[in-house]
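Undergrad: One structure is given below, represented as structure tokens, and several questions about it will come after.
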Amino acid sequence: MDFGILFTSHPNIDVELYPHRDVHHRVTQQILAADRLGYDYAWIAEHHFSNKYGIMPDIYVYAAYIAALTKRIKLGAAVVALPLANPVRVVENAAFLDVLSNGRFVLGFGSGYRPYEFEGFGVPFDERRDIQEEALPLIYQMFAEKKVKHKGKYFNIDIDGDYEIFPHSIQQPYPPLYLAGATERSIGVAGRMGFGLMLSSLTPTDGLANDVKAYRAALEETPARLRSNPARGEIDVARWVYVAETDAQAKADSEAGLLRHFSHFDGKQTVGYLGVVSQGKRSDDQGSKYDDLLTHTIIHGSPSTVREKIEQLHARTGFTSLMLHYPPYYGADKTLASLTMFAEEVMPKLKGRSKKAA
Numbered sequence: 001m002d003f004g005i006l007f008t009s010h011p012n013i014d015v016e017l018y019p020h021r022d023v024h025h026r027v028t029q030q031i032l033a034a035d036r037l038g039y040d041y042a043w044i045a046e047h048h049f050s051n052k053y054g055i056m057p058d059i060y061v062y063a064a065y066i067a068a069l070t071k072r073i074k075l076g077a078a079v080v081a082l083p084l085a086n087p088v089r090v091v092e093n094a095a096f097l098d099v100l101s102n103g104r105f106v107l108g109f110g111s112g113y114r115p116y117e118f119e120g121f122g123v124p125f126d127e128r129r130d131i132q133e134e135a136l137p138l139i140y141q142m143f144a145e146k147k148v149k150h151k152g153k154y155f156n157i158d159i160d161g162d163y164e165i166f167p168h169s170i171q172q173p174y175p176p177l178y179l180a181g182a183t184e185r186s187i188g189v190a191g192r193m194g195f196g197l198m199l200s201s202l203t204p205t206d207g208l209a210n211d212v213k214a215y216r217a218a219l220e221e222t223p224a225r226l227r228s229n230p231a232r233g234e235i236d237v238a239r240w241v242y243v244a245e246t247d248a249q250a251k252a253d254s255e256a257g258l259l260r261h262f263s264h265f266d267g268k269q270t271v272g273y274l275g276v277v278s279q280g281k282r283s284d285d286q287g288s289k290y291d292d293l294l295t296h297t298i299i300h301g302s303p304s305t306v307r308e309k310i311e312q313l314h315a316r317t318g319f320t321s322l323m324l325h326y327p328p329y330y331g332a333d334k335t336l337a338s339l340t341m342f343a344e345e346v347m348p349k350l351k352g353r354s355k356k357a358a
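UniProt numbering puts the sequence shown at residues 1 to 358.
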């Protein structure tokens, strides 16, 4: 199995004061540490207009900067909010970034889940999945064929004749392509269209197992022309992870910050993948106490406890990659200590495990 870290660029507004520029220095230092420590992926999240979650308006700009500072870690978009983007620019930017990073870019898409972001861009929130589903086949076509002629409801594109998409990505026919899923519809699209699947850090284990089962069934319907995606069949599960010397220390370090972070996923600000997910997939709303989260969702504890919980999760879901997630409230020193302990005492004993479904 592989291991990555999700970097949301979420400021701790208590110490990274308005307008929160310091958050980018902190996140950059954590990505450089992840590269040194041997993590496989640095996943970068796109968000707009709010200090209550992430401040990252352009994944491509930031990933290009990080590519110049790192040596081996893969750089992933988790995710590009596709309804807010032009699919031509998505393909151009992703291919260019793949060139600049020497073939280290991984591209994830999502339909978005924060209505205020759509209001800011003037895009109808209720049509986001329809927009995404028109864009996805165009992206495949532009990566593979470098040309496209399309007139649709949301996009009109004409790149043909003497013209084509440049540059061409190093990874061929295209970088690994993923789709975030939290609903039956999006998970089905991911499987039928041959995307790798990204699953939410809020979904309890039972829900994840059902999602994976649905995804694998949908994979059987992938047409031959879409089976060349390097990420097809890959399942990336996000989880809040914190490692300390003991279970008690992990709770003492993380409880207050984690519950504060969860408060940002309630109410009308969020809908979907990481927001107010559908009934039966939520881990008992924000009022969930730490111990309830520990039972159903988060992976916190000593190295042996964390390792055991990951093994149990893998046995239930057969995930191929784990995306570590954490809030900004632990402090830089404790966060780095947790990431280091995970890399040194957890990853080595799990790295050799089969990536095949359990």
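Glycine included, every Cβ here is placed at the ideal spot set by N, Cα and C. In this text, all values refer to a predicted model and were calculated from it rather than measured experimentally.
Can the beta-carbon of S169 be found less than 7 Å from the beta-carbon of D236?
TA: Going by C-beta atoms, S169 is not nearer than 7 Å to D236.
Undergrad: For the beta strand (DSSP E) holding Y178, just list the boundary residues, first then last.
TA: Segment 177-181, the beta strand (DSSP E) holding Y178.
Undergrad: Which value, in whole angstroms, describes the spacing of the CA atoms of T335 and L177?
TA: Answer to the nearest angstrom: the Cα atoms are 29 Å apart.
Undergrad: Verify whether the separation of the beta carbon atoms of T317 and V241 is less than 7 Å.
TA: The answer is no: Cβ separation not under 7 Å.
Undergrad: Taking the runs of the beta strand (DSSP E) that are 3 residues or longer, which of them lie wholly in the segment 287-334?
TA: Listed in chain order, the complete beta strand (DSSP E) runs (minimum 3 residues) inside the segment 287-334 are 299-301, 321-325.
Undergrad: Short check: CB of P327 to CB of H261, under 7 Å?
TA: Cβ distance < 7 Å, so P327 and H261 count as in contact.
Undergrad: What does DSSP give as the partner residues of H47 in its beta bridges?
TA: Looking at the DSSP assignment, H47 forms a beta bridge with M56.
Undergrad: From what residue to what residue does the alpha helix (DSSP H) around M193 run?
TA: Premise fails: M193 is in no alpha helix (DSSP H) and is neither H nor E.
Undergrad: I139: which of E133, P87, H150 sits nearest, CA to CA?
TA: Taking only the C-alpha atoms, the option nearest I139 is P87.
Undergrad: Classify L6 as helix, strand or coil using the three-state DSSP reduction.
TA: Reduced to three states, the DSSP call for L6 is strand.
Undergrad: Is R128 closer than 7 Å to P83 when the C-beta atoms are compared?
TA: Contact: yes.
Undergrad: Suppose the cutoff is 6 Å on Cβ atoms and the five residues either side in sequence are ignored; what does the same chain contact list for A180 look like?
TA: These residues qualify, in order along the chain: V79, G110, M198, Y273.
Undergrad: Does the count of Cβ pairs from the segment 62-69 and the segment 143-150 closer than 8 Å reach three?
TA: Touching, no.
Undergrad: Sorted by chain position, which residues of the same chain lie with C-beta nearer than 7 Å to D130's C-beta, five sequence neighbours on each side aside?
TA: If we look at D130 and ignore the five residues flanking it on each side, it has no Cβ neighbours.
Undergrad: On the DSSP bridge list, what partners appear for Y242?
TA: Answer by DSSP bridge pairing, in chain order: H300.
Undergrad: Is D284 helix, strand or coil when you go by DSSP?
TA: Note that D284 scores 47 on pLDDT, short of 50, meaning its location in the model is unreliable; the coordinates nonetheless yield the value given after this. Of the three classes helix, strand and coil, the one that applies to D284 here is coil, per DSSP.
Undergrad: How many Å lie between H47 and Y62 at the Cα?
TA: The alpha-carbon atoms of H47 and Y62 are separated by roughly 13 Å.
Undergrad: Could you give the residue range of the beta strand (DSSP E) that holds K146?
TA: Taken as a continuous stretch (DSSP letters only), K146 belongs to no beta strand (DSSP E), as it is neither H nor E.
Undergrad: According to DSSP, L107 sits in a beta bridge with which residue or residues?
TA: A77, L177.
Undergrad: Measure from the alpha carbon of R239 to the alpha carbon of each residue in L107, M323, F105, then state which is nearest.
TA: Looking at the Cα atoms, M323 is the closest of the given residues.
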